Amino acid sequence: EKGTYDHYMLKEINDQPAAMRKIIQEYQDEDENLKIDPAIIKQLRDADRLYVIAAGTSYHAGLIGKEYFEKWAGVPTEVHVASEFVYNTPMLSEKPLFIFISQSGETADSRAVLVEIKKLGHQSLTVTNVPGSTLSREADQTLILHAGPEIAVASTKAYTAQIAVLSILAQVAARELGKDTGINLMTELAKVTTAITAVIDDAPAIEQIVNEYLETTRNAFFIGRTMDYYVGLEGALKLKEISYIQAEGFAGGELKHGTIALIEENTPVFALATQERINLNIRGNAQEVEARGAKVCMISMEGLEQDGDTYVIPHVHEMLTPLVSVVVYQFIAYYAALHRGNDVDKPRNLAKSVTVE
Ligand code: F6R
Numbered sequence: 244e245k246g247t248y249d250h251y252m253l254k255e256i257n258d259q260p261a262a263m264r265k266i267i268q269e270y271q272d273e274d275e276n277l278k279i280d281p282a283i284i285k286q287l288r289d290a291d292r293l294y295v296i297a298a299g300t301s302y303h304a305g306l307i308g309k310e311y312f313e314k315w316a317g318v319p320t321e322v323h324v325a326s327e328f329v330y331n332t333p334m335l336s337e338k339p340l341f342i343f344i345s346q347s348g349e350t351a352d353s354r355a356v357l358v359e360i361k362k363l364g365h366q367s368l369t370v371t372n373v374p375g376s377t378l379s380r381e382a383d384q385t386l387i388l389h390a391g392p393e394i395a396v397a398s399t400k401a402y403t404a405q406i407a408v409l410s411i412l413a414q415v416a417a418r419e420l421g422k423d424t425g426i427n428l429m430t431e432l433a434k435v436t437t438a439i440t441a442v443i444d445d446a447p448a449i450e451q452i453v454n455e456y457l458e459t460t461r462n463a464f465f466i467g468r469t470m471d472y473y474v475g476l477e478g479a480l481k482l483k484e485i486s487y488i489q490a491e492g493f494a495g496g497e498l499k500h501g502t503i504a505l506i507e508e509n510t511p512v513f514a515l516a517t518q519e520r521i522n523l524n525i526r527g528n529a530q531e532v533e534a535r536g537a538k539v540c541m542i543s544m545e546g547l548e549q550d551g552d553t554y555v556i557p558h559v560h561e562m563l564t565p566l567v568s569v570v571v572y573q574f575i576a577y578y579a580a581l582h583r584g585n586d587v588d589k590p591r592n593l594a595k596s597v598t599v600e
C-alpha cells in the first residue's frame, strides 16, 4: 500500500533506506560475515567468466555490478542486453556463469536467454525481487533482493537493491578467491543507508532543481564518466519514461565526438562527479557544453565538490556512490513527471513487467 504517499514511486524511493537495512541483515551471519548460499559460492568458484543478462534499469544495475566483479574479485564480466544476446550471442568462455538480473523475474527477453543457455548446459543464477518468479524457478540458483514489492512502473528501489546485492556477491567472490578488497562492505553500506536518507530528507531542494532546469525543456542530457556514466544512463531512462522529456545519457568524453552538436541555448545537462579519478575531466566536459549555451546542473559528492555545484551528495565509498547519486535522479524524474501532470506510477505505453519478447 502506498499509505500516506501520493504515489507508489514516491513511496518506493522513500523505502530505499529500509531496503538497504534489510539487505544488510539478510546477507550477514551472526558473526557479521557476508552470507551467501554455498551452492552459489560454488557457481562463482567454478566460473571463468560472468555473463550478466538484463533489460532496462536492471541492465544499468548490471553495468555497476561488472565494476564490482572485476575490480574486487578480478573475475572477467560481460553485461548484455537480453534482447540482443538471444539473437547475437557473443563468443562464450569455457565455464561461463550466467547472472540474470530482473526485478520481476518475468522478463521474456531474459527468459529467452535462460532457455538457450540451459540447452547448452551452462550454470545460471537469477537475482530477483520476486521469489518463485519464472526466472527464479528456471535458473539453477536464486538471490533475492529483499526490496519489498515494487508497484510503480519506473523502477527505483529494485535498482539500488540490485546494486547492493551484486556488491555483496562480488565481495563474497573476492573472499573466496583470496582477494583483499580493503573494504568492509557492510559498514560502507550502512553509511550509504544514512546518505540515502539525507538525500530523501532533501527532496524539496531537488524539486527546486526541476523548477529551474526542466519546466519547459523538451530534452535533457546526463553526462558522467565511469560509474557516473552508468548512473547517467539510468537517470536519463527514468526521466524519459515518466516525464516524456527526451533524455540521453552520455560518456563525458564522447560529447566532442558528436553529441555536443545537440547542445543549444539553455539545454539542460546533468553532470555527475562522484569519482576522484575523473572529477576534473567531467568538469572539463561540463565547461565544454556550458560554453555552447548548456545549462549545467553539476552534482558532486562531499570531498570532491567545488564552488557553484548545484547539488552535493553526502560522502560514501567511491564504489558505492551510484546507490546515492541515483536517488537524486529518481527525484528529478518524479518531480518532472508530477509537474507535467503525468501519471507518475503508470506512464503511457509501459507495463510493469514485459512478458513478451
Ligand atoms: C525502468 C524499468 C524497466 C525494467 C525492465 C526490466 O524503470 O523498470 O526498464 O527495468 O523492463 O524489468 P525486470 O527488472 O523486471 O526484468
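Each residue of the sequence shown is one higher than the one before, counting from 244 in the UniProt record's numbering. We put the beta carbon where it would ideally sit given N, CA and C, even for glycine. In this text the structure is predicted, and so the values were computed from the model without any measurement.
query, result
"Distance CB(Ser353)-CB(Ala325) smaller than 7 Å", "yes"
"Contact between the stretch 317-333 and the stretch 376-391 (3+ Cβ pairs under 8 Å)", "no"
"According to DSSP, residues forming a beta bridge with Arg520", "Looking at the DSSP assignment, Arg520 forms no beta bridge with any residue, so it has no partner."
"Closer than 6 Å: Ser301 CB and nearest the ligand F6R heavy atom", "yes"
"Whole alpha helix (DSSP H) elements within the stretch 307-367, 4-residue minimum", "325-328 and 351-362"
"Thr350 beta carbon near the ligand F6R (any heavy atom closer than 6 Å)", "yes"
"Three-state secondary structure assigned by DSSP to Ile466", "strand"
"Inter-residue Cα distance where the pair is Glu507 and Tyr248", "37 Å"
"Per DSSP, the bridge partner or partners of Thr385", "Thr369"
"DSSP beta-bridge partners of Gly492", "Phe465"
"Start-to-end residues for the beta strand (DSSP E) that takes in Ala297", "Arg292 to Ala297"
"Beta-carbon separation (whole angstroms), Phe343 vs Val370, contact threshold 8 Å", "7 Å"
"Boundaries (first-last residue) of the beta strand (DSSP E) holding Val539", "Lys538 to Met544"
"Other residues of its chain near Lys309: CB distance less than 6 Å, five sequence neighbours each side excluded", "Thr320 and Val322"
"Touch test, the stretch 444-460 against the stretch 470-480, Cβ-Cβ under 8 Å, three pairs minimum", "no"
"Length of the line joining the Cα atoms of Asn524 and Ser568", "18 Å"
"DSSP state of Gln549 mapped onto helix, strand, coil", "coil"
"Near the ligand F6R: Ser326 beta-carbon under 6 Å from a heavy atom", "no"
"Closer than 6 Å: Ala397 CB and nearest the ligand F6R heavy atom", "yes"
"Gln573 CB to nearest heavy atom of the ligand F6R below 6 Å", "no"
"Residue-chain proximity (Lys362, chain C), Cβ-Cβ < 7 Å", "No chain C appears in this structure, which consists of one protein chain only."
"Nearest neighbour of Ile267, chosen from Gly375, Val415, Ala433 and Ser345 [CA to CA]", "Ala433"
"Assumed close pair Gly467, Gly495 - CB separation to whole angstroms, cut-off 8 Å", "6 Å"
"Neighbourhood of Lys483 by C-beta, 6 Å cutoff - its chain only, sequence neighbours within 5 removed", "Ala490"
"Opening and closing residue of the beta strand (DSSP E) in which Val555 lies", "Tyr554 to Ile556"
"Residue range of the unbroken alpha helix (DSSP H) whose run includes Gln259", "Gln259 to Glu269"
"Alpha helix (DSSP H) segment containing Asp280, residue limits", "Segment: none, Asp280 is in no alpha helix (DSSP H) and carries neither H nor E."
"Any non-hydrogen atom of the ligand F6R closer than 6 Å to Ala579 Cβ", "no"
"Coarse secondary structure for Pro511, derived from DSSP in three states", "strand"
"Reduced DSSP category for Glu600 - H, G, I as helix; E, B as strand; rest coil", "coil"
"Span of the alpha helix (DSSP H) around Thr440", "Leu428 to Asp444"
"CB of Thr332 within 7 Å of CB of Ala298, strictly", "no"
"Through-space distance from Asp445 to Ile521, alpha-carbon basis", "26 Å"
"Cβ pair count under 8 Å reaching 3, the stretch 268-284 against the stretch 590-598", "no"
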